[in-house]
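The opening residue of the sequence shown carries number 72 in our numbering; numbering runs sequentially from there.
All residues carry an ideal CB built from backbone N, CA and C; glycine is no exception.
Worksheet for the structure shown next.
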Amino acid sequence: MVPPANSSPAAPTERRTKAIISFCQELQKQLPSISNQLDIRNLTNELENQICAIKTYSLRNPDSHRHHKLDTVGTNLWNLCTQLMRQGQGEFPPKAKSKLLVLARTFAFFVLALAQRSDANTLGDLVRLAKLAVKSGKSCIEAERFELALLLLQKAADYNGAMQKLPEGLPEEELQECKRLEAEYLMLRMVLSWKEDRLDVTDHMYSKVEKLERIMGIPLMEAFADTLFEIGKTLAARNDFSLAVKWLDRAYDTINSQGLDQLSREAVELRMAISQALVHAHLNAGTDHSFQKAENLVAYMESEIGDKLAVLLLRLELLLKSPAEVFDSAGFAAVLRRLIRNADVSETTFKIILHHVRILDSKSPTLACEIIDYFFGTRVLPSHRKEWIEKVVVFRAQIATSRRDTAESIQSLAMILDAIEENNNQPLGAEAALSLQTLVWKKIESSLAQKQLDIAEAWCRTALNPVLRNTGPLNIAKLERQVHETINWEMD
């Protein structure tokens, strides 16, 4: 093992250099197969000690500008850690071994940095080390090793500064590469300060990154927008909507700084997610000004992509949260019609539509009946999905039986049942049929109690529709008796 660090920066002796090489080689043997939690914990502690020591070292009088043995073992360890980290991607929460690999790769970086003589670095050396420092710093942020991340990002900044001070100067292409690296490590500094809940620093770092936006390149710009989006989402989750709007606005401006045709598929999806989050943040801010901002953004999205599900749902949310004194039931119903007409009906969209029809029912039962009938006739019945048909018809019966009784409302429910019989040629399942008949029975009893015999008879005939025959012969016989009794009472 490597001897402990001296109290001040020291030049490694040959013995210490050999020990570092030996430790790298030992790590390469252990890391692929280590799985015991105690072994992982012990090796993690050892790595923390080694990193604490090696970060203070520098080479004494090396023979060349690079210590080749250190560079070789450092490179091999870095590559192994990267390979093993890729194999473990997607694990959440990250396992102890994932965090161990982050530390091992950080140690590999410090070995590579040690191998390079600081006063003889070429541009290629500096670019390589800066990129590795940034990658390692990003991994440390994800593993919540913030102190190490800050150290690594400072190293990246030092390398970048050294590039720009090279005596021979930099060609334009290399200068742009330096600026992109600078933007990347500043972005990570921004993420780090956000993770540490130091939003004043985050704001400061944002202003620095923003100045470099034009030279970022599209992949880095997309990553920047994603970072701003995550910050905005976090603030919205804390109900800090004014700050959420500020950061989501920044994300929106960043993702829109490039033409839509230049964005990757993932970035196009990110753009939509940012727009949705920004609308929600504006609406939750609760001011007339923020509502107008949300309205303008949704109108722009409609003009750009038309009647997409996500946009129509935002339009429905706008109507629900409108500061107007009277709810726009007709407008809400019109948007629901557009949604029903254009959406691909899946299990998810089916539930979404029913949810919004329920909302409409609480505002305008008449319009809710019209919309559910439209949904049933145009999308549900043609699908021949038995479970959808049954859910909608029971829901339709709930709406009909909760309203004031009219011949028209009873007839419209009867027409739905007739349509099932004609188009589906199958009765409703016993559970759905019984649920519907139970609702109707309550209306029959209520109508009889109020001496509304014609209404009671109409409800009885509705409950005797052939599509409800799975309720069983006893229920059917009971209804038939009730019809005869009601007719006799009407004749008396």
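First and last residue of the alpha helix (DSSP H) that includes residue 380?
Here residue 380 is taken as the residue at index 309 of the sequence shown, counted from 1. Looking at the DSSP string, the run of the alpha helix (DSSP H) that includes residue 380 is 380-391.
Going by Cα to Cα distance, which pick from 375, 314, 395 and 333 is closest to residue 359?
Position 288 of the sequence shown, counted from the start, is the residue given in the question as residue 359. Checked all of 375, 314, 395 and 333; the closest Cα to residue 359 is 395.
For residue 211 versus residue 219, is the C-beta spacing smaller than 7 Å?
Taking the sequence shown and counting its residues from 1, one reaches residue 211 at position 140. Taking the sequence shown and counting its residues from 1, one reaches residue 219 at position 148. Their beta carbons are under 7 Å apart, which means residue 211 touches residue 219 by this criterion.
To the nearest angstrom, how far is the alpha carbon of residue 441 from that of residue 400?
By one-based count along the sequence shown, residue 441 stands at place 370. By one-based count along the sequence shown, residue 400 stands at place 329. Spanning the two alpha carbons is a distance of roughly 12 Å.
Between which two residues does the alpha helix (DSSP H) containing residue 476 stretch?
One-based indexing of the sequence shown puts residue 476 at position 405. Residue 476 -> no alpha helix (DSSP H), and no H or E assigned at all.
On the CB-based measure, 16 or more other CB atoms within 10 Å of its CB, does residue 216 come out buried or exposed?
What you label residue 216 is simply residue 145 of the sequence shown in a count that begins at 1. With 16 or more other Cβ atoms within 10 Å, it is buried.
Measure the C-alpha to C-alpha separation of residue 126 and residue 207 and round it to an integer number of angstroms.
Taking the sequence shown and counting its residues from 1, the one referred to as residue 126 is at position 55. Taking the sequence shown and counting its residues from 1, the one referred to as residue 207 is at position 136. Roughly 14 Å separates the two Cα atoms.
So does the stretch 171-188 actually touch the stretch 87-103, counting three or more Cβ pairs closer than 8 Å?
The answer is yes - the stretch 87-103 touches the stretch 171-188, with three or more Cβ pairs under 8 Å.
Between the stretch 495-505 and the stretch 539-548, do at least 3 Cβ pairs fall closer than 8 Å?
In short, these stretches touch, since the Cβ pair count reaches three.
In three-state terms, what does DSSP make of residue 101?
Position 30 of the sequence shown holds residue 101. It is helical.
Going straight from the alpha carbon of residue 334 to that of residue 319, what length do you get?
Here the question's residue 334 lines up with position 263 in the sequence shown. Here the question's residue 319 lines up with position 248 in the sequence shown. Spanning the two alpha carbons is a distance of roughly 18 Å.
Tell me the start and end of each unbroken alpha helix (DSSP H) in the stretch 443-504 that is at least 4 residues and wholly inside, in chain order.
Qualifying alpha helix (DSSP H) stretches, in chain order: 457-472 and 478-495.
Could you compute how far the alpha carbon of residue 331 sits from the alpha carbon of residue 505?
For the purposes of this step, residue 331 is taken as residue 260 along the sequence shown, with counting starting at 1. For the purposes of this step, residue 505 is taken as residue 434 along the sequence shown, with counting starting at 1. Approximately 53 Å between the Cα atoms of the pair.
So, for residue 366: in the same chain, excluding its five sequence neighbours on each side, which residues have a beta-carbon less than 8 Å away from its beta-carbon?
For this step, residue 366 is matched to residue 295 along the sequence shown. Taken in chain order, the residues that qualify are 389.
For residue 302, collect the residues of the same chain with a Cβ closer than 6 Å to its Cβ; drop the 5 residues on either side in sequence, then sort them by chain order.
Your numbering for residue 302 matches position 231 in the sequence shown. Answer for residue 302: 265 and 318, listed in chain order.
Exposed or buried, what is residue 449 when buried is set at 16 or more other beta-carbons lying within 10 Å of its beta-carbon?
Against the sequence shown, residue 449 aligns to sequence position 378. Per the 10 Å Cβ criterion, exposed.
Taking Cβ positions, are residue 465 and residue 438 nearer each other than 7 Å?
Looking up residue 465 in the sequence shown gives position 394. Looking up residue 438 in the sequence shown gives position 367. Not a contact, by the Cβ cut-off of 7 Å.
Hey, out of 159, 433, 491 and 494, whose CA is closest to residue 398's CA?
The residue you call residue 398 lines up with position 327 of the sequence shown. Closest by alpha carbon: 433.
Just the Cα atoms here: how many angstroms apart are residue 233 and residue 197?
Working through the sequence shown from its first residue, we reach residue 233 at position 162. Working through the sequence shown from its first residue, we reach residue 197 at position 126. Taking the straight line from one Cα to the other gives about 8 Å.
Please check the pair residue 368 and residue 346, which I expect to be a contact at CB under 8 Å, by giving their CB distance rounded to whole angstroms.
The residue given as residue 368 occupies position 297 in the sequence shown. The residue given as residue 346 occupies position 275 in the sequence shown. Contact holds; Cβ gap of about 6 Å.
Whole angstroms are fine: how far does the CA of residue 309 sit from the CA of residue 244?
Walking along the sequence shown from the start, residue 244 turns up at place 173. Walking along the sequence shown from the start, residue 309 turns up at place 238. So the alpha carbons of these two residues sit roughly 43 Å apart.
Give every residue of the same chain whose Cβ lies closer than 6 Å to the Cβ of residue 279, excluding the five residues on either side of it in the sequence, and list them in chain order.
For the purposes of this step, residue 279 is taken as the residue at position 208 of the sequence shown. So the list reads 257, once near-sequence residues are dropped.
Looking at residue 387 and residue 414, is the spacing between their C-beta atoms short of 7 Å?
As a first step, residue 414 is located in the sequence shown; it is residue number 343 there, counting from the start. As a first step, residue 387 is located in the sequence shown; it is residue number 316 there, counting from the start. For residue 414 and residue 387, no; Cβs fall outside 7 Å.
Is residue 476 near residue 526, with beta carbons less than 7 Å apart?
As a first step, residue 476 is located in the sequence shown; it is residue number 405 there, counting from the start. As a first step, residue 526 is located in the sequence shown; it is residue number 455 there, counting from the start. In contact: residue 476 and residue 526 (Cβ atoms closer than 7 Å).
Hey, out of 509, 512, 519 and 529, whose CA is closest to residue 486's CA?
Within the sequence shown, residue 486 is the residue found at index 415, counting from 1. Closest by alpha carbon: 529.
Distance, Cα to Cα, residue 430 vs residue 349?
Counting from one through the sequence shown, the residue named residue 430 turns up at place 359. Counting from one through the sequence shown, the residue named residue 349 turns up at place 278. Whole-angstrom Cα-Cα distance: 24 Å.
Quick check on residue 330: does DSSP put it in helix, strand or coil?
Numbered from 1 along the sequence shown, position 259 holds the residue referred to as residue 330. The answer is coil: DSSP assigns residue 330 none of H, G, I, E or B.
On a CA-only basis, which of 493, 287, 488 and 517 is nearest residue 503? Give me that one, please.
The sequence position of residue 503 within the sequence shown is 432, counting from 1. Nearest C-alpha to residue 503: 488.
Can you name, in chain order, every residue of its own chain whose Cβ lies under 7 Å from the Cβ of residue 209, other than the five neighbours on each side?
In the sequence shown, the residue the question calls residue 209 occupies position 138. So the list reads 259, once near-sequence residues are dropped.
Candidates 204, 242, 246 and 214: which alpha carbon is nearest residue 226's?
On the sequence shown, position 155 is the one that residue 226 refers to. The shortest Cα separation from residue 226 among 204, 242, 246 and 214 belongs to 204.
Taking its Cβ as the centre, do 16 or more other Cβ atoms sit within 10 Å of residue 419, making it buried, or is it exposed?
To locate residue 419, count along the sequence shown from 1; it is residue 348. Counting Cβ neighbours within 10 Å, residue 419 comes out exposed, since fewer than 16 surround it.
Using the C-alpha atoms, what's the distance from residue 509 back to residue 337?
For the purposes of this step, residue 337 is taken as the residue at position 266 of the sequence shown. For the purposes of this step, residue 509 is taken as the residue at position 438 of the sequence shown. For residue 337 and residue 509, the distance between alpha carbons rounds to 50 Å.
To the nearest angstrom, how far is it from the Cα of residue 242 to the Cα of residue 370?
Taking the sequence shown and counting its residues from 1, one reaches residue 242 at position 171. Taking the sequence shown and counting its residues from 1, one reaches residue 370 at position 299. Their Cα atoms are separated by approximately 46 Å.
Of the residues 237, 93, 409 and 517, which one's Cα is nearest the Cα of residue 446?
The count along the sequence shown starts at 1 and reaches residue 446 at position 375. Ranking the options by Cα distance to residue 446, first place goes to 409.
Report the start-end ranges of each alpha helix (DSSP H) in the stretch 183-237 that is 4 residues or longer and not cut off at the edges.
Taking only runs of at least 4 residues, the alpha helix (DSSP H) segments lying wholly in the stretch 183-237 are 194-213 and 217-235.
Return the chain-ordered ranges of every beta strand (DSSP E) run that is complete within the stretch 392-440 and spans a minimum of 3 residues.
Taking only runs of at least 3 residues, no beta strand (DSSP E) segment lies wholly in the stretch 392-440.
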